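Peer 1: Just so you know, we're using the working numbering here: the sequence shown kicks off at 187 and counts up by one.
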Amino acid sequence: MAPTGMSARTQPQENKSESDQGDAGGVPGTKATAGEIETRRTQLLQAMLAAPDDLDIAFAYAALSARVDDHEAAIYTLERMLIYAPDLPRVQLELGVLYYRIGAFDVARQYFEAAISGPEVPREVRERVDVYLAGIDQAQDRPSSPPR
187 MAPTGMSART
197 QPQENKSESD
207 QGDAGGVPGT
217 KATAGEIETR
227 RTQLLQAMLA
237 APDDLDIAFA
247 YAALSARVDD
257 HEAAIYTLER
267 MLIYAPDLPR
277 VQLELGVLYY
287 RIGAFDVARQ
297 YFEAAISGPE
307 VPREVRERVD
317 VYLAGIDQAQ
327 DRPSSPPR
């Protein structure tokens with residue numbers, strides 16, 4: 187059964203950059219207040235509970251959660267999305283980004299590699315993954331402080 191609002195092959199709308207989105211609950215070009223974001227998150231959570239297989243709603247909720255640094259809610263939501271559609275490169279990418287942000291580089295790497303392992307990976311996903319994988323390599327190769 188295809189998730190509500192998406193065909194089995196459709197990707198959710200990509201969240202270009204959580205921190206770059208200055209919209210008020212989905213209205214591009216307007217700055218959202220913290221209260222407006224929380225109101226929209228509450229609305230999306232209620233919609234998600236009513237339609238748990240609607241991946242567009244879930245992706246929007248995860249994007250707003252990431253935007254307000256509620257990484258736990260965003261991660262949980264995106265991982266739940268993979269139950270309904272296990273091979274969505276954009277979801278795997280966003281999970282990698284969130285795990286990267288919290289410093290869980292090994293888990294981030296797993297999601298990044300999964301995101302680019304499929305046959306039809308969008309170019310922009312592959313490009314973003316490459317940047318993050320380079321960041322992980324750099325972070326893990328940092329020399330430790332010299333012994334005293």
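Glycine residues also receive a C-beta, built at the ideal position from the N, C-alpha and C atoms.
Only a predicted model underlies this, so the values are computations on that prediction, with no experimental measurement involved.
1. Can you tell me which of the three DSSP states Asp255 falls into?
2. Could you tell me the alpha carbon to alpha carbon distance between Asp327 and Tyr286, rounded to whole angstroms?
3. Let me check understanding here. Comparing Cα to Cα, which of Arg253, Leu268, Tyr262 and Ala248 lies closest to Ala300?
4. I'd like the list of long-range same chain contacts for Arg314, defined as Cβ closer than 7 Å, with 5 residues on each side in sequence excluded.
5. Out of Ser251, Tyr262 and Gln324, which one is the CA nearest neighbour of Thr228?
6. Helix, strand or coil, according to DSSP, for Val277 in the structure here?
7. Which of the three DSSP states is assigned to Thr263 in this structure?
8. Give me the Cβ distance between Tyr247 and Leu231, rounded to the nearest whole Å; I'm assuming they're in contact under 8 Å.
9. So, with DSSP's three-state summary, where would you put Ile269?
10. Going by alpha carbons, who is nearest to Asp323 out of Val307, Glu310, Ala290 and Val311?
11. Taking Cβ to Cβ, would you say Ala244 is nearer than 8 Å to Thr263?
Peer 2: In short, the structure shows the following:
1. coil
2. 15 Å
3. Out of Arg253, Leu268, Tyr262 and Ala248, Leu268 has the C-alpha closest to the C-alpha of Ala300.
4. Leu279
5. Ser251
6. Helix, per DSSP.
7. helix
8. 6 Å
9. Residue state, collapsed to three classes: helix.
10. Ala290
11. yes
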